[in-house]
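Reviewing the structure listed below.
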Amino acid sequence: MDSASGDDGPTAESVGPSSLTVASTPVAPPTDIEAEPPAAVGLFGERVEIARRYVEALASDGVRRGLIGPREASRLWSRHVLNSAVAGELLSAGQRVVDIGSGAGLPGIPLAICRPDCEIVLVEPLERRTVFLQQIVADFDLTNCRVVRGRADDVVDECGGADVVTSRAVAPLERLARWSVPLLRIGGELLALKGSSAADEIVRDGAAVRALGLVDLEVVSVGHGLVDPETIVIRGHRISASARAGKKRSGGTRRR
Numbered sequence: 001m002d003s004a005s006g007d008d009g010p011t012a013e014s015v016g017p018s019s020l021t022v023a024s025t026p027v028a029p030p031t032d033i034e035a036e037p038p039a040a041v042g043l044f045g046e047r048v049e050i051a052r053r054y055v056e057a058l059a060s061d062g063v064r065r066g067l068i069g070p071r072e073a074s075r076l077w078s079r080h081v082l083n084s085a086v087a088g089e090l091l092s093a094g095q096r097v098v099d100i101g102s103g104a105g106l107p108g109i110p111l112a113i114c115r116p117d118c119e120i121v122l123v124e125p126l127e128r129r130t131v132f133l134q135q136i137v138a139d140f141d142l143t144n145c146r147v148v149r150g151r152a153d154d155v156v157d158e159c160g161g162a163d164v165v166t167s168r169a170v171a172p173l174e175r176l177a178r179w180s181v182p183l184l185r186i187g188g189e190l191l192a193l194k195g196s197s198a199a200d201e202i203v204r205d206g207a208a209v210r211a212l213g214l215v216d217l218e219v220v221s222v223g224h225g226l227v228d229p230e231t232i233v234i235r236g237h238r239i240s241a242s243a244r245a246g247k248k249r250s251g252g253t254r255r256r
């Protein structure tokens, strides 16, 4: 779990095998929902009401379904929704963005709200999460957004050729690149929302990631004056195909 994304963002299991988990007892929605920061209107403009409804959905249905922790209600805006939305400044008009391990919709849903000029594809294997995401997309009439259920390495035929692949707190950089690179077109861009250890990840995994065809790795900060701390993103570009990228894992035991 990446420290910048709170305690309840998507994890590496978000792109692993699908399983349906049902809470044994009902969870009451939290009452201490964070007040809307002034930056919300600046980021979402005339679509801020959709963002407000999304925050309400996370704090109620999202908590009941176990997609977001009750403790996160006090920082849903600042730590989660705005933290995700500010990455929209790195997108260009008309781009197709694939968000892997989307979980409760972060960063994909905030990006779909603030960047209606882009197509956002939410990739998530877990049924309880995809049901929630499909409901959000339908209820909020997010016509620029769709949900695909599956693991990242199983949806390349359907979702490949993307201009941008995003993720938030999904996995360490090398593993994340293995899932992301096959979904990118040549020249496409990885935007991985990370925490304060982002630069260390590039040092540790840089050579392996470059071998996958992802180069020009850099750490960028976005959201100056809008979120505190600013959102940290690892950015890289795909320059070639690689036999290693997207190679199926075999053997061993996976956590469920």
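Per full-length UniProt numbering: the sequence shown = residues 1 to 256. Glycine included, every Cβ here is placed at the ideal spot set by N, Cα and C. Predicted model only: the values in this text are computed from it and were never measured.
message: Please tell me whether Leu-214 and Ala-87 are closer than 8 angstroms, where the distance is taken between their beta carbons.
response: Along the sequence shown, read from residue 1 onward, the residue named residue 214 stands at position 214. Along the sequence shown, read from residue 1 onward, the residue named residue 87 stands at position 87. No.
query: So Asp-233 packs on Leu-90, CB below 8 angstroms; how close in whole Å?
result: Mapped onto the sequence shown, residue 233 falls at position 233. Mapped onto the sequence shown, residue 90 falls at position 90. The amino acid occupying residue 233 in the given sequence is Val; Asp does not appear at that position. With a Cβ gap of about 7 angstroms, Val-233 and Leu-90 count as contacting.
- prompt: How about the segment 61-71 and the segment 147-163: do they share at least three Cβ pairs that are nearer than 8 angstroms?
  reply: no
query: If you draw a straight line from the C-alpha of Arg-185 to the C-alpha of Ala-112, how long is it?
result: Within the sequence shown, numbered from 1, the residue matching residue 185 stands at position 185. Within the sequence shown, numbered from 1, the residue matching residue 112 stands at position 112. Those two C-alpha atoms are separated by around 20 angstroms.
Exposed unless 16 or more other CB atoms sit within 10 angstroms - verdict on Arg-71: Here residue 71 is taken as the residue at index 71 of the sequence shown, counted from 1. By the 10 Å Cβ count, Arg-71 comes out exposed.
query: Within 10 angstroms of its Cβ, does residue 297 collect 16 or more other Cβ (buried), or is it exposed?
result: Since the first and last residues shown for the chain are 1 and 256, residue 297 lies out of range.
message: Report the start-end ranges of each beta strand (DSSP E) in the segment 46-103 that is 3 residues or longer and not cut off at the edges.
response: Counting whole runs of 3 or more residues, the segment 46-103 contains the beta strand (DSSP E) stretches 96-100.
field: Residue environment, His-224, which counts as buried when at least 16 other CB atoms sit within 10 Å
entry: Residue mapping note: residue 224 aligns to position 224 of the sequence shown, counting from 1. Its Cβ having fewer than 16 others within 10 Å, His-224 is exposed.
- prompt: Who pairs with Leu-122 in a beta bridge, going by DSSP?
  reply: Taking the first residue of the sequence shown as 1, we reach residue 122 at position 122. Leu-122 pairs with Asp-99, Val-147.
- prompt: Of the choices Arg-175, Arg-168, Trp-179, whose alpha-carbon is the least far from that of Gly-160?
  reply: Along the sequence shown, one-based indexing puts residue 160 at 160. The candidate whose alpha carbon is nearest that of Gly-160 is Trp-179.
Leu-173 versus Phe-140 - alpha carbon distance: In the sequence shown, the residue the question calls residue 173 occupies position 173. In the sequence shown, the residue the question calls residue 140 occupies position 140. Each residue's Cα considered, the two are about 32 angstroms apart.
- prompt: Is any beta-carbon of chain C found at less than 8 angstroms from that of Trp-77?
  reply: This model lacks chain C altogether; it includes just one protein chain.
message: I'd like to know whether the C-beta atoms of Gly-105 and Leu-133 end up nearer to each other than 8 angstroms.
response: What you label residue 105 is simply residue 105 of the sequence shown in a count that begins at 1. What you label residue 133 is simply residue 133 of the sequence shown in a count that begins at 1. Yes.
- prompt: In chain order, what residues of the same chain lie with their CB nearer than 7 angstroms to the CB of Val-22, ignoring the 5 residues before and after it?
  reply: Within the sequence shown, residue 22 is the residue found at index 22, counting from 1. Interpretation of Val-22 is limited by its pLDDT of 36, a score under 50 that renders its predicted location unreliable; no figure is taken from the coordinates.
query: Beta carbon of Val-121, beta carbon of Asp-99: below 8 angstroms?
result: Taking the first residue of the sequence shown as position 1, residue 121 is located at position 121. Taking the first residue of the sequence shown as position 1, residue 99 is located at position 99. Contact: yes.
field: For Gly-188, the first and last residue of its enclosing beta strand (DSSP E)
entry: The residue you call residue 188 lines up with position 188 of the sequence shown. Taken as a continuous stretch (DSSP letters only), the beta strand (DSSP E) holding Gly-188 covers 184-194.
message: In this structure, how does DSSP classify Asp-157 when only helix, strand and coil are distinguished?
response: Translated into the one-based positions of the sequence shown, residue 157 becomes position 157. Looking at Asp-157 - three-state DSSP - the assignment turns out to be helix.
field: Per DSSP, the bridge partner or partners of Glu-218
entry: As a working mapping, residue 218 is identified with position 218 in the sequence shown. BP columns for Glu-218 point to Arg-235.
query: Does the distance from the C-beta atom of Asn-144 to that of Glu-119 stay below 8 angstroms?
result: Residue 144 sits at position 144 when you count from the first residue of the sequence shown. Residue 119 sits at position 119 when you count from the first residue of the sequence shown. Yes; because the gap between Cβ atoms is below 8 angstroms, this pair is in contact.
- request: Starting from Ala-162, follow its DSSP beta bridges and name the residues at the other end.
  value: The count along the sequence shown starts at 1 and reaches residue 162 at position 162. DSSP output for Ala-162 lists Leu-184 as bridge partner(s).
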